[in-house]
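Since the structure comes first, as structure tokens, the remarks are kept for the end.
Protein chains: 2
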Amino acid sequence: MKLNDRGLLIVLSGPSGVGKGTVRKALFNQPNNNLTYSVSATTRKMRPGEVDGKDYYFISKEEFEDKINKGEFLEHAEFVGNYYGTPLDKVNEKLDEGQEVVLEIEVMGALQVKEKMPDCVMIFLVPPSKEDLYHRLKARGTEPEEIIQERIEKANREFKVAYKYDYIVVNDEVNNAADRIMAIIRAEHAKTSRSIHKYLELIGE
Amino acid sequence: MKLNDRGLLIVLSGPSGVGKGTVRKALFNQPNNNLTYSVSATTRKMRPGEVDGKDYYFISKEEFEDKINKGEFLEHAEFVGNYYGTPLDKVNEKLDEGQEVVLEIEVMGALQVKEKMPDCVMIFLVPPSKEDLYHRLKARGTEPEEIIQERIEKANREFKVAYKYDYIVVNDEVNNAADRIMAIIRAEHAKTSRSIHKYLELIGE
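Protein sequence lines correspond, in order, to chains P and X.
Residue numbers are given in the numbering used here: position 199 of the first sequence equals residue 199, and the series is strictly consecutive.
Add 1000 to a position in the second sequence, counting from 1, and you land on the number used in the numbering used here.
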């Protein structure tokens, strides 16, 4: 019996190159999970094969800026001339249905989310060592040395914000990391701040 | 890779009759656990077959009161003329070795522990309903009705302190409750307050 029926907003973040995407995939493969994605809104043009409301919510620049002004995004960013953002109302709908919404997101966006929804669960994914991360960034492909250096410097800045998160999880092995995150989700549901209301109902107070 | 090497002090408490002892036993049967007990000190006489330092630390009343005055107990109580207490130094030794120390303890004692060691993990075990607990208290044996009534009133008072705990875990099924507690232990090790030091070492800060 769970004492918290509302889903959790899981913010999965960490320095560039740590393997957020891989861990997210492993997480969704865990048995008995109740995890879901949040569909982002964007102003970029729909591509062939994409479905509105499934891949993205495709909206106009005016509509997007209007929503920014009304505070209707959990976080948003601009990328090569287009806006991308996480609609607050869609996330809340899923949480109300009891689903855990997983946001895999860059460090800057994650901190925006925390401000907007302080009861989210902030998870900072880290490599087993700095060298491990550098190695991953270098192994990614055929980018010129200066791009790799830029990424390393970005990661070094991002390493420093760990203290703003609720949990630090080492991505030593992707399934270990996913296991730890599943344990965090179970524990968070049992946290007194989340479970006291239903508990008081249970004992008739 | 765990980012916190120190063990956790797990305080397992809850209203009388909720099944703390049964859940503790199930907990110690969980695979890959690193759990240990804390041996209490007492002033009562050693019974045949008991071993000093294993069943209890058997000490004199003077020694016990001296230790109380020096603040050397995590908690202590008097019961039918004898003292019982949890020696702080023994608990710290085990935590330093990386073992999780489980204290199964009454509500009053648990709150003493929290004051003495605020970074302990306070778990409040609750029944699926008030009626369920009443039923358990009544089913215990052949005690007279007034003793049962006293226990029910005690449980009703104890129900109200749940908000002082970190987690509320329902004892709907003993292995479910133990599973939830194992998840809490994993999550607590990943908590930023416990993992940030080793993390900073890891990235060389």
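Idealized CB from N, CA, C, for every residue including glycine.
Here the structure is a predicted model, which means the values were calculated and not measured.
- Not a single CB atom of chain P sits nearer than 8 angstroms to the CB of X:Val-1011.
- DSSP places P:Tyr-167 within a strand segment (E or B) once states are collapsed to three.
- Residue P:Leu-125 holds the alpha-carbon nearest to the alpha-carbon of P:Lys-164 among P:Leu-125, P:Ala-177, P:Ser-195 and P:Glu-145.
- Take the alpha-carbon of P:Ile-147 and the one of X:Val-1018: they are about 60 angstroms apart.
- For X:Ala-1077, the enclosing beta strand (DSSP E) has its first and last residue at 1073 to 1079.
- Contact of X:Ala-1162 with chain P is assigned, a C-beta pair being separated by under 8 angstroms.
- Judged by DSSP in its simplified three-state form, P:Ser-16 adopts coil rather than helix or strand.
- Runs of the beta strand (DSSP E) lying entirely within the segment 1055 to 1116 of chain X and spanning at least 3 residues, in chain order: 1073 to 1079, 1082 to 1087 and 1100 to 1104.
- The straight-line gap separating the alpha-carbon atoms of P:Asn-29 and X:Glu-1050 is approximately 50 angstroms.
- Using a Cβ distance threshold of 8 angstroms, P:Phe-64 and P:Tyr-83 count as a contacting pair.
- The contact set of X:Pro-1128 on chain P, defined by CB atoms closer than 7 angstroms, consists of Met-1 in chain order.
- Secondary structure note for X:Val-1174: it is in no beta strand (DSSP E), and the uninterrupted alpha helix (DSSP H) holding it is 1174 to 1190.
- Rounded to the nearest angstrom, the Cβ distance from X:Glu-1072 to X:Gln-1112 is 13 angstroms, too far for a contact under 8 angstroms.
- Looking at the DSSP output, X:Leu-1009 sits in a beta bridge with X:Val-1101.
- Assigned with DSSP and collapsed to three states, P:Thr-36 falls in strand.
- Taking the Cα positions, P:Ser-38 is about 39 angstroms away from X:Gly-1098.
- Close to chain P, meaning a Cβ-Cβ distance shorter than 7 angstroms, is no residue of the segment 1096 to 1117 of chain X at all.
- Using a Cβ distance threshold of 8 angstroms, X:Leu-1035 and X:Glu-1100 count as a contacting pair.
- For chain P, none of the residues of the segment 1013 to 1042 of chain X brings a beta carbon within less than 7 angstroms of one of its beta carbons.
- Only those residues of the segment 150 to 178 of chain P whose C-beta falls short of 7 angstroms from the nearest C-beta of chain X are listed: Phe-159, Ala-162, Tyr-163, Tyr-165, Asp-166, Tyr-167, Ile-168, Val-169, Val-170 and Asp-172.
- For the pair of segments examined, the segment 151 to 168 of chain P was found not to touch the segment 1179 to 1186 of chain X: the number of CB pairs separated by less than 8 angstroms stays below three.
- Annotated three-state conformation of X:Ile-1123 is strand, per DSSP.
- Put simply, the CB of P:Leu-202 is near chain X, with a gap under 8 angstroms to one of its CB atoms.
- Judged by their CB atoms, P:Val-23 and P:Cys-120 are not nearer to each other than the 8 angstroms cut-off.
- Per the C-alpha coordinates, the member of X:Lys-1130, X:Arg-1180, X:Pro-1087 and X:Glu-1093 positioned closest to X:Ile-1123 is X:Arg-1180.
- P:Gly-14 counts as buried, since no fewer than 16 other beta carbons sit within 10 angstroms of its beta carbon.
- By the beta-carbon neighbour count (other beta carbons within 10 angstroms, threshold 16), P:Glu-205 is exposed.
- Note on geometry: alpha-carbon atoms of P:Lys-154 and P:Met-108 lie some 11 angstroms from one another.
- Per DSSP, the continuous alpha helix (DSSP H) segment holding X:Ile-1148 begins and ends at 1145 to 1159.
- Contact of X:Arg-1136 with chain P is not assigned, every C-beta pair being separated by 8 angstroms or more.
- If the five residues before and after P:Asn-156 are omitted, its C-beta is found closer than 6 angstroms to no C-beta atom of its own chain.
- Excluding its 5 nearest sequence neighbours in each direction, P:Asp-172 has C-beta neighbours in its own chain below 8 angstroms: Pro-128, listed in chain order.
- Among the CB atoms of chain P, one or more fall inside 8 angstroms of the CB of X:Arg-1186.
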